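Visitor:
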Amino acid sequence: MGFEIINKNCIDVIKHGSIQEKVDLTFLDPPFNQQKDYAHHDDNMDEAAYWEMMKKVCGYAFEISNKGAAVYFMQREKNAEFVLRTLRETGWSFQNMIIWKKKTSAVPVPNKYGKQYQMIAYATKGEKAKTFHRLRIDPKLPANYKTQRENGIFVTDVWDDIRELTSGYFAGNEAIRNDNGERFHKQQAPLELLLRIILSSTNVNDTVFDPFAGTGTTLVVAHQLQRKSIGIEIDPENAKCILERLTNIREADLIQKNFKDYTCTENLVEIWGDEFEVEKKKGESDLLLFDN
Ligand SMILES: C[S@@+](CC[C@H](N)C(=O)[O-])C[C@H]1O[C@@H](n2cnc3c(N)ncnc32)[C@H](O)[C@@H]1O
1497 MGFEIINKNC IDVIKHGSIQ EKVDLTFLDP PFNQQKDYAH HDDNMDEAAY WEMMKKVCGY
1557 AFEISNKGAA VYFMQREKNA EFVLRTLRET GWSFQNMIIW KKKTSAVPVP NKYGKQYQMI
1617 AYATKGEKAK TFHRLRIDPK LPANYKTQRE NGIFVTDVWD DIRELTSGYF AGNEAIRNDN
1677 GERFHKQQAP LELLLRIILS STNVNDTVFD PFAGTGTTLV VAHQLQRKSI GIEIDPENAK
1737 CILERLTNIR EADLIQKNFK DYTCTENLVE IWGDEFEVEK KKGESDLLLF DN
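To convert a position in the sequence shown, counted from 1, into this note's numbering, add 1496.
1) Tell me the rounded alpha-carbon separation between Gly1769 and Asp1757.
2) Using DSSP's beta-bridge definition, name the partner residues of Tyr1618.
3) Taking the alpha-carbon positions, what's the Asp1533 to Leu1715 distance?
4) Starting from the C-beta of Pro1604, find all residues in its chain whose C-beta is less than 8 Å away, skip the five residues before and the five after it, and write them out in chain order.
5) Judging by CA-CA distance, which residue of Asn1676, His1629, Glu1740 is the nearest neighbour of Leu1691?
6) Looking at the strands, I want to know which residues DSSP matches up with Tyr1641.
7) Is the beta carbon of Ile1501 closer than 9 Å to that of Ala1735?
8) If you draw a straight line from the C-alpha of Glu1678 to the C-alpha of Gly1668, how long is it?
9) Considering Cα atoms alone, identify which of Lys1597, Ala1545, Trp1547, Asn1529 is closest to Asp1539.
10) Express the C-alpha separation of Asp1520 and Asn1705 in angstroms, rounding to a whole number.
11) For the candidate residues Gln1614, Ala1685, Gln1591, Asp1542, whose alpha-carbon lies nearest to that of Glu1573?
12) In whole angstroms, give me the CA-to-CA distance for Asn1763 and Asn1699.
13) Which two residues bound the contiguous alpha helix (DSSP H) that contains Ser1697?
14) Does ligand 1 have a heavy atom nearer than 8 Å to the CB of Met1550?
15) Looking at Lys1511 and ligand 1, is the gap between the Cβ and the nearest heavy atom below 8 Å?
16) How should Ala1671 be labelled, buried or exposed, when 16 other C-beta atoms within 10 angstroms of its C-beta is the threshold for buried?
17) Since I believe Glu1747 is in contact with Ile1738 (beta carbons under 8 Å), could you give me their beta-carbon distance rounded to a whole number of angstroms?
18) Could you check what DSSP says for Gly1727 in three-state terms: helix, strand or coil?
19) Which value, in whole angstroms, describes the spacing of the CA atoms of Ile1594 and Leu1689?
20) Taking all protein chains shown into account, do 16 or more other C-beta atoms lie within 10 angstroms of the C-beta of Ser1697, making it buried, or fewer, making it exposed?
21) If we call anything under 9 Å between Cβ atoms a contact, is Cys1554 one with Leu1524?
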């Protein structure tokens, strides 16, 4: 399935209105403005300037979206107020605040509760989603449940079954590493997170947009699910990583192993797409821009 990697500042892409395609899903995992070390981005912006930038991004995503398309905006919970306001002011209709509960890590904070989840605001262009597949999963039965479920349960707004890629041992093979064993990109999202989002909110042949693409997790999952994808990434090293990840899909990046997690879902084969077609199209690229 076609993908497009744009190695530019997304604000410049927005300024020039360069994206011609209409999109069905936008995933936003921007830098959180928390003084992290990004080679090509100042993660210590003035708060107002940061939210002004995010307003441009959300507004543009809205403009290029089909009616009923979805946006998923991931941020720190302390910014919930700004996220919701930015989405509202750019026209999006709020649907859910998803709690992505971390499995193996928490951030200890003095004088208040430690932080164990990431928030993801889900909104749509217009009140009604054009696509929303009610996925069913069958997580392990909690200790106090006696009766086995017959056909799993619907996914709710609390996602506690998706493991984050921590910096240590738990990140496993999925984490991309430099030769010295260090993580290539500390904010690499887990495939399973994008799998849930893309399966829930798109169909085969739809278009997925990620203006802060990082290592390209969104594109890697979209591609295998036969969705088109457009990723923007400012850092040329990351953009190269995305291309490499898509042209030589690593064993650890294959999503077929997760099919079993959703087998309680009605019409799963139709939602997931044809595996054989995906294999044939592995590595096919429509356009690549490396002009930083
Ligand atoms: C939190 S990371 C995204 C991680 C990604 N979800 C993944 O799975 O790898 C944010 C990314 O946005 C990029 N970025 C920052 N500012 C940008 C901008 N103005 N335009 C495009 N990319 C930008 C950073 O270089 C970084 O790779």
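Ideal Cβ placement from N, Cα and C applies to all residues, glycine included. In this text, all values refer to a predicted model and were calculated from it rather than measured experimentally.
Guide: In short, the structure shows the following:
1) Here the question's residue 1769 lines up with position 273 in the sequence shown. Here the question's residue 1757 lines up with position 261 in the sequence shown. If you take the alpha carbons of Gly1769 and Asp1757, they lie about 16 Å apart.
2) Here residue 1618 refers to the residue found at position 122 of the sequence shown. Here Tyr1618 is bridged, per DSSP, to Tyr1568, Asn1592.
3) On the sequence shown, residue 1533 is found 37 positions in, with the first residue counted as 1. On the sequence shown, residue 1715 is found 219 positions in, with the first residue counted as 1. Rounded to the nearest angstrom, the two C-alpha atoms are 23 Å apart.
4) Translated into positions along the sequence shown, residue 1604 becomes position 108. Around Pro1604: Gly1610.
5) On the sequence shown, position 195 is the one that residue 1691 refers to. Closest by alpha carbon: His1629.
6) For the purposes of this step, residue 1641 is identified with residue 145 of the sequence shown, where counting begins at 1. Beta-bridge pairing links Tyr1641 to no other residue.
7) For the purposes of this step, residue 1735 is taken as the residue at position 239 of the sequence shown. For the purposes of this step, residue 1501 is taken as the residue at position 5 of the sequence shown. Result yes, Cβ atoms of Ala1735 and Ile1501 sit closer than 9 Å.
8) As a first step, residue 1678 is located in the sequence shown; it is residue number 182 there, counting from the start. As a first step, residue 1668 is located in the sequence shown; it is residue number 172 there, counting from the start. Looking at the two C-alpha atoms, the distance is approximately 12 Å.
9) Start at 1 with the first residue of the sequence shown, and residue 1539 comes out as number 43. Ranking the options by Cα distance to Asp1539, first place goes to Asn1529.
10) Taking the first residue of the sequence shown as position 1, residue 1705 is located at position 209. Taking the first residue of the sequence shown as position 1, residue 1520 is located at position 24. A small correction: the amino acid at residue 1705 is Phe; Asn does not occupy that position in the sequence shown. Going by C-alpha positions, Phe1705 is about 8 Å away from Asp1520.
11) As a position in the sequence shown, residue 1573 is number 77, starting the count at 1. With distances taken between Cα atoms, Glu1573 lies closest to Gln1614.
12) Numbered from its first residue, the sequence shown carries residue 1763 at position 267. Numbered from its first residue, the sequence shown carries residue 1699 at position 203. Their Cα atoms are separated by approximately 11 Å.
13) The residue labelled residue 1697 in the question sits at position 201 within the sequence shown. Residue range 1687-1697 is occupied by the alpha helix (DSSP H) that includes Ser1697.
14) Here the question's residue 1550 lines up with position 54 in the sequence shown. No; taking the cut-off as 8 Å, the Cβ of Met1550 has no heavy atom of ligand 1 nearer than that.
15) Your numbering for residue 1511 matches position 15 in the sequence shown. Lys1511 Cβ: outside cutoff for every heavy atom of ligand 1.
16) Translated into the one-based positions of the sequence shown, residue 1671 becomes position 175. Label assigned to Ala1671: buried.
17) Taking the sequence shown and counting its residues from 1, the one referred to as residue 1738 is at position 242. Taking the sequence shown and counting its residues from 1, the one referred to as residue 1747 is at position 251. Glu1747 and Ile1738 do not touch by the CB rule: their CB atoms are close to 18 Å apart, not below 8 Å.
18) Position 231 of the sequence shown, counting from 1, holds the residue named residue 1727. Here Gly1727 carries a strand assignment [DSSP, helix/strand/coil].
19) The residue given as residue 1594 occupies position 98 in the sequence shown. The residue given as residue 1689 occupies position 193 in the sequence shown. If I take the Cα positions, the gap works out to 11 Å.
20) In the sequence shown, counting from the first residue as 1, residue 1697 sits at position 201. With 16 or more Cβ atoms within 10 Å of its Cβ, Ser1697 is classed as buried.
21) Here residue 1554 refers to the residue found at position 58 of the sequence shown. Here residue 1524 refers to the residue found at position 28 of the sequence shown. Result yes, Cβ atoms of Cys1554 and Leu1524 sit closer than 9 Å.
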